[in-house]
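Colleague:
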Amino acid sequence: MASYDSEKVAHIHKELHSHLPPEPGLRVKALESLLVEKGLLKTDAVDKWLDNLAEKIGPKNGARVIARSWVTPEFESTLRNNAMKAFKDLGLAEGGGYELKAVFNSDTVHNLVVCTLCSCYPLRLIGMSPSWYKSNEYRARAVREPRGVLEEFGVKLDGDVEVRVWDSTSERRYIVVPQRPAGTEGWSEDQLAGLVTRNSMIGTHRDLRSGDGAA
Amino acid sequence: MDTVHDIGGRQGFGPVRWQHDHDEMAFHEEWQARAWAMCMCMFAVWRGNPEVC
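Which chain is which? The protein sequence lines are A and B, in order. Under our numbering, the first sequence is numbered contiguously, ending at residue 501. Under our numbering, the second sequence is numbered contiguously, ending at residue 455.
1. On the criterion of 16 or more Cβ atoms from any shown chain inside 10 Å, does Arg427 (chain A) qualify as buried, or is it exposed?
2. Confirm, please, whether the CB-CB distance from Ala437 (chain B) to Val322 (chain A) is below 7 Å.
3. Any beta carbon of chain E sitting closer than 7 Å to that of Trp433 (chain B)?
4. Count the other C-beta atoms from every protein chain shown that fall within 10 angstroms of the C-beta of Leu339 (chain A), then say buried if there are 16 or more, exposed otherwise.
5. Under 7 Å, Cβ to Cβ, is there at least one residue of chain B near Leu327 (chain A)?
6. To the nearest angstrom, how far is the alpha carbon of Phe445 (chain B) from that of Leu326 (chain A)?
7. So Lys387 (chain A) is in the beta strand (DSSP E); what residue range does that whole segment cover?
8. Indicate whether at least one CB of chain A lies closer than 7 Å to the CB of Arg449 (chain B).
9. With H, G and I counted as helix, E and B as strand and the rest as coil, what does DSSP make of Ile409 (chain B)?
10. Could you list the residues in the stretch 398-432 of chain A with a C-beta less than 7 Å from some C-beta on chain B, going in chain order?
11. Once you ignore the five residues that flank Gly489 (chain A) on each side, which residues in its own chain have a CB closer than 6 Å to its CB?
12. Does chain B have any CB closer than 7 Å to the CB of Pro464 (chain A)?
13. What's the C-alpha gap between Pro417 (chain B) and Asn422 (chain A)?
14. Considering only the beta carbon of each residue, do Tyr384 (chain A) and Arg450 (chain A) sit closer than 7 Å?
15. Using the Cα positions of Arg449 (chain B) and Met487 (chain A), report the straight-line distance between them to the nearest angstrom.
16. Should Ala501 (chain A) be flagged as near chain B, meaning a C-beta pair shorter than 7 Å?
17. Only counting the same chain, and skipping five residues up and downstream in sequence, which positions put a Cβ closer than 6 Å to that of Arg495 (chain A)?
18. If you draw a straight line from the alpha carbon of Trp418 (chain A) to that of Cys401 (chain A), how long is it in whole angstroms?
19. Taking 7 Å as the threshold (C-beta atoms), are Glu475 (chain A) and Lys353 (chain A) in contact?
20. Below 6 Å CB to CB, which residues in the same chain sit around Ala479 (chain A) once its five sequence neighbours on both sides are set aside?
21. Please list, in chain order, the chain B residues whose beta carbon lies closer than 7 Å to that of Trp452 (chain A).
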């Protein structure tokens, strides 16, 4: 039987790791340089993606679509029937590659979106999903005990409010359309968009209030 | 789908830890953003659209 020297193994392990930069930032930098060197990545590609994310996509796009649907009945009907078209009509959708369904909250219905398989999310339309959306806790429990999960987010529902949970796939993703808050009659679309939060478009936030928004 | 990836409804998980992510920021460190952008680029290469990268 071969001898096993745990101290020697620990030493080799440490030695191997000592060649890697300790900070994740440095590792990412090293990886980026390597990809550029191998011709898989142009030098400015990462910056371009990030500019695109910062300038063109993000929760505020969803907020604009929702605000428009609050003030324009025809647009609300487009959003109900063909949500991707609604985004396209406002010039906010590039490409796509999946179907988008908008699900509407009401006094008696609350919608919640999850991806139990992985992390499907309308990223190119409303930006990055929050890290908890990808967590095992959320993915497993959103379908087993949605009311419990909602309470953890501070959403307390009366017993007669029905909860509908929508499980996303890479082919079909969802956006929740929250209810327009009372007392916002006469508000401009921009003001209304300012009320819509990222979490309200996932369904972990229900009652919108002034000052909460993503726009 | 019935695989190890499908954890919908699986029991035994604790509370959703969302509080550290309530500020709606997509990334909290620059390297996270760059790692994400690299993944998106490699995804595009894999799908046969290397021109975006």
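C-beta: ideal position from N, C-alpha, C; glycine also.
Modeller: Looking at the coordinates:
1. buried
2. no
3. Annotation note: the requested chain E is absent from the structure, which comprises protein chains A and B.
4. buried
5. yes
6. 11 Å
7. 385-390
8. no
9. coil
10. Thr402, Leu403, Cys404, Gly413, Met414, Pro416, Ser417, Trp418, Ser421, Asn422, Glu423, Tyr424, Arg425, Ala426, Arg427, Val429, Arg430
11. Asn397, Leu398, Val399, Val462
12. no
13. 10 Å
14. no
15. 29 Å
16. The predicted model places Ala501 (chain A) with a pLDDT of 49, which falls under 50 and marks its position as unreliable; any figure quoted below should be read in that light. No, its Cβ sits nowhere closer than 7 Å to a Cβ of chain B.
17. none
18. 11 Å
19. Sequence check: residue 353 (chain A) is Ala here, not Lys. Yes.
20. Ala349, Arg350, Ala353, Ala501
21. None at all; the shortest Cβ gap to chain B is about 12 Å.
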